[in-house]
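According to this note's numbering, the sequence shown is numbered sequentially starting from 163. Where is the CB? At the ideal position from N, CA and C, for every residue including glycine. What you are looking at is a predicted structure, and each value in this text was computed from that prediction instead of being measured.
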Amino acid sequence: LKARGRPQADLDTLRTARSSRGKNGVTHVRLEQQVAGLAVHGAYAKAAVDARGRLVHLVDNLAKAGPLQAARIDAATALTAAMATVHPGRAVDARATGQSGATTTFATSRFFHRAPEVTAVAVPMSNGTLQRGFLVETWTRLGNQLHHTLVGGDGRVLDVEARTASDTYRVFPIDPSKGGSVLEPGPGAGNTESPIGWLAGTQSTLGIRGNNAFAYLDRDNDD
């Protein structure tokens with residue numbers, strides 16, 4: 163990284179996040195950045211080293227190291243801002259119930275599959291500075307919606323990542339000779355036929371009953 167022009171200040175922020183052995187003695191290493199004890203959101207470097215210690219692959223998405231601007235909000239305010247964006251109109255109990263490192267856990271309810279978590283992070287801004295912000299995780303019970311929402315130190319929502327897969331299918335309700343196809347949501351979204359999504363765990367051992375079905379990719383994009 164230094165040979166590619168990265169200054170020593172950037173390299174001093176790197177920490178090994180994961181290291182694993184691959185085929186033919188190759189070691190894969192993932193590095194992350196930390197500034198003032200906080201992970202730099204979205205920053206990483208990945209490298210592969212062969213059995214003789216030679217670097218054979220390197221890719222990085224590192225941020226420029228520098229002072230960390232203080233946040234003007236706290237974790238509870240970040241949670242409220244995230245909920246207003248991903249679940250508008252839904253009230254949230256912003257009482258902290260636990261703390262582990264940079265992560266604060268908040269009160270849960272039947273609305274959530276898991277208690278909301280807010281993690282303090284260093285956010286690389288477009289002007290090259292670093293700002294203390296928050297990564298908010300909310301995971302609902304109904305609809306199984308998992309969101310990672312990045313909130314800046316001023317309370318603005320900077321990014322929302324929907325972590326729940328969604329799928330839709332063109333379906334002939336009877337057969338192609340008896341009407342056209344209709345667009346139906348997949349089980350992962352939760353619907354009348356499958357209200358809690360895909361089968362998992364002990365559910366998958368119960369067996370699936372119904373008509374035979376043939377599914378395929380619409381490679382010609384002609385429905």
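(message) Please report the distance separating the alpha-carbon of residue 182 from that of residue 208.
(response) 12 angstroms
(request) Give the range of the alpha helix (DSSP H) segment to which residue 248 is assigned. (result) 237 to 248
(request) Output the distance between the C-alpha atoms of residue 251 and residue 307, rounded to the nearest integer angstrom. (result) 16 angstroms
(request) In the DSSP assignment, find the unbroken alpha helix (DSSP H) run with residue 172 in it and report its ends. (result) 170 to 173
(message) Taking only three categories from DSSP, how would you classify residue 338?
(response) helix
(request) Tell me, please, which residues DSSP counts as bridged to residue 296. (result) 282 and 313
(message) Per DSSP, what are the beta-bridge partners of residue 192 in this structure?
(response) 180 and 208
(request) In the DSSP assignment, find the beta strand (DSSP E) that holds residue 163 and state where it starts and stops. (result) First-last for residue 163: undefined, no H or E at that position.
(request) Write down the C-beta distance between residue 237 and residue 266 rounded to the nearest angstrom, noting that I regard them as a contact closer than 8 angstroms. (result) 4 angstroms
(message) Can you find the residues in the same chain that come closer than 7 angstroms, C-beta to C-beta, to residue 344, ignoring five residues on each side of it along the sequence?
(response) 333 and 335
(request) Along the beta strand (DSSP E) that carries residue 307, what are the first and last residues, could you check? (result) Here residue 307 belongs to no beta strand (DSSP E), and DSSP marks it neither H nor E.
(request) State the Cα-Cα distance for the pair residue 258 and residue 166, rounded to the nearest angstrom. (result) 44 angstroms
(message) So, under 8 angstroms CB-CB, residue 285 and residue 320 are touching, yes? Tell me the CB distance rounded to an integer number of Å.
(response) 7 angstroms
(message) Am I right that residue 241 and residue 273 are in contact with their C-beta atoms under 8 angstroms? What's the rounded C-beta distance?
(response) Not really, about 13 angstroms apart at Cβ, beyond 8 angstroms.
(message) Do residue 281 and residue 264 have their beta-carbon atoms positioned less than 8 angstroms apart in this structure?
(response) yes
(request) For residue 172, count neighbouring C-beta atoms within 10 Å of its own C-beta (all shown protein chains included) and say buried if the count is 16 or more, exposed if not. (result) buried
(message) Taking a contact to mean a Cβ-Cβ separation below 8 angstroms, would you say residue 230 touches residue 201 in this structure?
(response) no
(message) Out of 163, 342 and 338, which one is the CA nearest neighbour of residue 218?
(response) 163
(request) Please name the residue or residues paired with residue 219 in a DSSP beta bridge. (result) 210
(request) State the CB to CB distance for the pair residue 233 and residue 294, rounded to an integer number of angstroms; the pair is presumed to be in contact (CB under 8 angstroms). (result) 4 angstroms
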